[in-house]
Ligand SMILES: Nc1ncnc2c1ncn2[C@@H]1O[C@H](COP(=O)(O)OP(=O)(O)OP(=O)(O)O)[C@@H](O)[C@H]1O
Ligand SMILES: [Mg+2]
C-alpha cells in the first residue's frame, strides 16, 4: 500500500474511532443529554436556526484571523526593526520578554475597560497572545543569518528593503513559520477568552448563553466549530509553509 | 608606470577602544593579485571591510581607482568569504545573479553572463541545482562566480579556500589563477597559507600580529601562468622563507 495513502487512512480512522467511541459511551452508559449529548444530538443542534451559527462563526473567525494577521505583521516588523539596531533590540527585547510573562488572559478585564466589548477588543486579545511567539522566533531567525551575507548586500549598497526581501525574510522564514504555528493555536484561545469575558456575539458568547439552560449539545457544537476555525487557520499556515519553505529547511 | 589601483597610507582602525589596525600602507596595481598574509586576528578581514566600504577607516588614506581605472564603490566590489554563503532557497544560477539583482542590472544580459561565469568556474550544467546538491568546493566556485557577475573591478577574497581539503585547495588555486587571467580583475586575497600566498600573488603583503602594521610588501617575480612544480623552485622557497621569518617562524 502507498505509505502516504496509508497514513491518511489511519488519520481519518482515528477521528472516526473517536466519534464512534463517543457515541458508544453515551449510548451504552445511558449518559444524560445535559452531561454529554450524543454525536447525533450535537449535529442536530447545528441544524437549529435560532443559534445563528454562521453569524457567530463569522464573528469569531474575524476575531481570530484579524488578531492573528495583526500579530504576524507586528511580530515580523518589530523583529526586523531589532535586526537594524542593536541598541533598539537591547532596549526593547528584555522588556518584551517581561511583558510576555504577563498572563494575557489577565488583561481581559482591562481590555474591556479600554476598548468596550466586541470584535475589536477580542481581536486585540488574540493579537496580544499570538504576537510574542512570532516576534521571538522571527528575531531568532534573523539573528541566525550570517553577517557576511548582509555585508555582501551592503557592499553593493543594497537597500534595507532588498536586504529584507532577498536575504532576511527568506532566511528567517523557517523560524517565522514555527512561531506562526504556535501563534495560530494561541490566537484561537485568545479570541475565545475575550468572548467569555465580554461580548455580545460569537461562538464563545453563544456558549455562555446556552450554558445557562444546560443546552449541552449546542455547547459541544460550539467547541467543535471553534476547533474547526483553529484547524482552518493552522492548515493555511501549514499549506503556506509547504509552498514557501524548502523541506530540508523547515524548523519543527 | 601607471598609477596604483589601490593606495593605502597609514590606515588605522579602532573598534571602540580596541585598536585593530595601527598602520597599513601598501599599493596594488591594476590587474594585480595581491596576497595578504598575517597572524590570526591581526586585522585582515577588517582591512577587506574597509576596502569594501563597509567600515570607514579611522585614519590614514584609502584611495581606490585611478584616472585610467575608475572605481565606483557601489558596484565595483565583489566579495568571497571563507564559507560559500549561498542562499539555500535559491538555485545556483539565481544565487550567482544576486549582486546583479541588487544593482538592478538588466535581467537577460545578467543571466547570460551568469551562465558564462558558471562555465568559467567549471560548474556548467549545475545552474538549476540547489546549493546542498553541490560539494563544498563546487559551492565555493559558485560563490566566486557570484562575486564576478556584476563585472566588478575589484574582488576581495577572505580565506576563500580555508575550509577546503588540501587537494581541492590546490586545484582551486590553479582555477583561481585561470579565472583571474581570464576575467582581468584586481584581486586582494587574504590567506593563512604562506605557500598559497606566494603561489597566487603577483605581490605579497605581510602584516604583523594585531594591531596590523606593515611587515613586508614585495613583488613575486615568478612567471605566469604559474604551475604547481614552481613550488619546488628555489625562488619560490626564498619568498616563502622570507614570509615565515617575518611571522617569526
Ligand atoms: N565588529 C567588530 N567589533 C569589535 N572588534 C572586532 C570586530 N571585528 C574584528 N574585531 C577585532 O579586530 C581584530 C582584527 O579582526 P579581524 O577579523 O580583522 O582579524 P583577521 O586578521 O581577519 O583574523 P583571522 O585571520 O582569524 O580571520 C581582532 O582583535 C578582532 O577581535
Ligand atoms: Mg579574518
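Protein chains in written order, with our numbering: chain A, 22 to 273; chain B, 2 to 250.
A virtual CB, placed ideally from N, CA and C, is assigned to each residue, including glycine.
What span of residues does the alpha helix (DSSP H) with residue 84(B) cover, start to end?
Taking the first residue of the second chain as position 1, residue 84(B) is located at position 83. Run containing residue 84(B): none; DSSP gives neither H nor E here.
Secondary structure of residue 273(A), DSSP reduced to three states:
Within the first chain, residue 273(A) is the residue found at index 252, counting from 1. Because the pLDDT at residue 273(A) is just 48, under 50, the model does not fix this residue reliably, and the value given afterwards should be weighed accordingly. If DSSP states are grouped into helix, strand and coil, residue 273(A) belongs with coil.
Spell out a yes or no on whether the stretch 141–158 of chain B and the stretch 117–126 of chain B are touching, meaning 3 or more CB-CB pairs, one atom from each, closer than 8 Å.
yes
With a threshold of 8 Å, establish whether the CB of residue 191(B) neighbours any heavy atom of ligand 2.
The sequence position of residue 191(B) within the second chain is 190, counting from 1. Yes, Cβ of residue 191(B) sits closer than 8 Å to a heavy atom of ligand 2.
Residue 273(A) CB to nearest chain B CB: under 9 Å?
Position 252 of the first chain, counting from 1, holds the residue named residue 273(A). Residue placement at residue 273(A) is poorly supported in this model, since its pLDDT is 48, which falls under 50; the coordinates still yield a value, given next. By this cut-off, residue 273(A) is not an interface position.
Does the distance from the CB of residue 28(B) to the CB of residue 13(B) come in under 9 Å?
For the purposes of this step, residue 28(B) is identified with residue 27 of the second chain, where counting begins at 1. For the purposes of this step, residue 13(B) is identified with residue 12 of the second chain, where counting begins at 1. Cβ atoms of residue 28(B) and residue 13(B): not closer than 9 Å.
Compare the C-beta of residue 50(B) against all C-beta atoms of chain A and say whether one is closer than 9 Å.
By one-based count along the second chain, residue 50(B) stands at place 49. It does: the Cβ of residue 50(B) has a partner Cβ on chain A nearer than 9 Å.
Keeping to the same chain, check which residues put their C-beta closer than 7 Å to that of residue 51(B); ignore five residues upstream and five downstream.
Here the question's residue 51(B) lines up with position 50 in the second chain. Result list for residue 51(B): 12, 14, 58 and 63, in chain order.
Can you find a C-beta in chain B that's less than 9 Å from the C-beta of residue 107(A)?
Here residue 107(A) is taken as the residue at index 86 of the first chain, counted from 1. So, not an interface residue.
Give me the residue from 41(A), 56(A) and 38(A) with the minimum Cα distance to residue 237(A).
Counting from 1 along the first chain, the entry for residue 237(A) is found at position 216. If we check each option's Cα against that of residue 237(A), 56(A) comes out closest.
Counting C-beta neighbours from all protein chains within 10 Å, is the total for residue 3(B) 16 or more, i.e. buried, or is it exposed?
Reading the second chain from its first residue, position 2 is the one you call residue 3(B). So residue 3(B) counts as exposed.
Complete runs of the alpha helix (DSSP H) confined to the stretch 105–163 of chain B [at least 4 residues]
108–121 and 137–149
Between residue 139(B) and chain A, is the shortest Cβ-Cβ distance under 9 Å, so that the two count as touching?
If you number the second chain from 1, residue 139(B) lands on position 138. Residue 139(B) does not count as touching chain A.
Proximity winner among 189(A), 89(A) and 218(A), relative to residue 209(A) (alpha-carbon distances):
The count along the first chain starts at 1 and reaches residue 209(A) at position 188. Residue 209(A) has its Cα closest to that of 89(A), out of 189(A), 89(A) and 218(A).
In chain order, what residues of the same chain have a beta carbon less than 8 Å from the beta carbon of residue 140(B), not counting five sequence neighbours either side?
Here residue 140(B) corresponds to residue number 139 of the second chain, with the count starting at 1. 85, 87 and 132, listed in sequence order.
Interface residues of chain A facing residue 100(B) [CB-CB closer than 7 Å]
Locating residue 100(B) in the second chain gives position 99, counting from the first residue. Correct list: 177.
Residue 234(B) burial status per 10 Å Cβ neighbour count (16 or more: buried):
Numbered from its first residue, the second chain carries residue 234(B) at position 233. Exposed, by the Cβ-count rule.
Buried or exposed for residue 225(B), going by 16 or more other Cβ atoms inside 10 Å?
Sequence index remark: in the second chain, residue 225(B) carries index 224 (1-based). Its Cβ having fewer than 16 others within 10 Å, residue 225(B) is exposed.
Mind checking residue 108(B): buried by the 16 CB within 10 Å criterion, or exposed?
The residue labelled residue 108(B) in the question sits at position 107 within the second chain. In this structure residue 108(B) is exposed. Its beta-carbon is surrounded by fewer than 16 other beta-carbon atoms within 10 angstroms.
Identify the residues that DSSP records as bridge partners of residue 205(B): which are they?
As a first step, residue 205(B) is located in the second chain; it is residue number 204 there, counting from the start. Paired residues: 36(B) and 219(B).
Taking Cβ positions only, does residue 188(A) come closer than 9 Å to chain B?
Reading the first chain from its first residue, position 167 is the one you call residue 188(A). Yes, because at least one Cβ of chain B sits closer than 9 Å to the Cβ of residue 188(A).
Can we count residue 48(B) as close to ligand 1, meaning its CB is less than 8 Å from some heavy atom?
The residue you call residue 48(B) lines up with position 47 of the second chain. Yes, since a heavy atom of ligand 1 falls inside the 8 Å radius drawn around the Cβ of residue 48(B).
Can you pull the DSSP bridge partners for residue 62(B)?
The count along the second chain starts at 1 and reaches residue 62(B) at position 61. Looking at the DSSP assignment, residue 62(B) forms a beta bridge with 10(B).
Given residue 241(B) as reference, the closest of 53(B), 208(B) and 200(B) once Cα atoms are compared:
Translated into positions along the second chain, residue 241(B) becomes position 240. Nearest of 53(B), 208(B) and 200(B) to residue 241(B), Cα basis: 200(B).
Strictly under 9 Å for the Cβ-Cβ distance: is residue 71(B) near chain A by that measure?
Translated into the one-based positions of the second chain, residue 71(B) becomes position 70. Cβ-Cβ to chain A under 9 Å: no for residue 71(B).
Proximity test, Cβ basis, 9 Å: residue 181(B) and chain A:
Here residue 181(B) refers to the residue found at position 180 when the second chain is read from its first residue. By this cut-off, residue 181(B) is not an interface position.
Any idea if residue 273(A) is buried or exposed, counting beta-carbon neighbours within 10 angstroms, 16 or more meaning buried?
Counted from its first residue, the first chain places residue 273(A) at position 252. Confidence at residue 273(A) is low in this model, with a pLDDT of 48, below 50, so its placement is unreliable and the value that follows should be read with caution. Under this definition residue 273(A) is an exposed residue.
Cβ neighbours of residue 254(A) in the same chain (closer than 8 Å, five flanking residues each side left out)
Here residue 254(A) is taken as the residue at index 233 of the first chain, counted from 1. So the qualifying residues of the chain are 85, 86, 89, 205, 208 and 209.
Can you tell which of 50(A), 202(A) and 133(A) has its C-alpha closest to the C-alpha of residue 258(A)?
On the first chain, position 237 is the one that residue 258(A) refers to. Minimum Cα distance to residue 258(A) is reached at 202(A).
Leaving out five residues on either side along the sequence, give the residues of the same chain with a beta carbon under 6 Å from the beta carbon of residue 93(B).
Working through the second chain from its first residue, we reach residue 93(B) at position 92. Answer for residue 93(B): 127, 128, 130 and 143, listed in chain order.
Between which two residues does the beta strand (DSSP E) harbouring residue 36(A) extend?
Within the first chain, residue 36(A) is the residue found at index 15, counting from 1. That residue, residue 36(A), is in no beta strand (DSSP E); its alpha helix (DSSP H) goes 24–50.
Euclidean distance between Cα positions of residue 183(A) and residue 48(B)
For this step, residue 183(A) is matched to residue 162 along the first chain. For this step, residue 48(B) is matched to residue 47 along the second chain. Taking the straight line from one Cα to the other gives about 26 Å.
What does the Cβ neighbour count give for residue 228(A), buried or exposed, with the cut at 16 atoms within 10 Å?
Locating residue 228(A) in the first chain gives position 207, where the first residue counts as 1. Burial state of residue 228(A) is buried, judged by a 10 Å Cβ sphere holding 16 or more other Cβ atoms.
Chain-ordered chain B contacts of residue 267(A) [CB-CB under 8 Å]:
As a working mapping, residue 267(A) is identified with position 246 in the first chain. Result: 89, 90 and 131.
Using a C-beta cutoff of 9 Å, does residue 264(A) count as contacting chain B?
Residue mapping note: residue 264(A) aligns to position 243 of the first chain, counting from 1. By this cut-off, residue 264(A) is not an interface position.
Buried or exposed, going by whether 16 or more other CB atoms sit within 10 Å of the CB of residue 153(B)?
The residue given as residue 153(B) occupies position 152 in the second chain. Residue 153(B) should be labelled buried.
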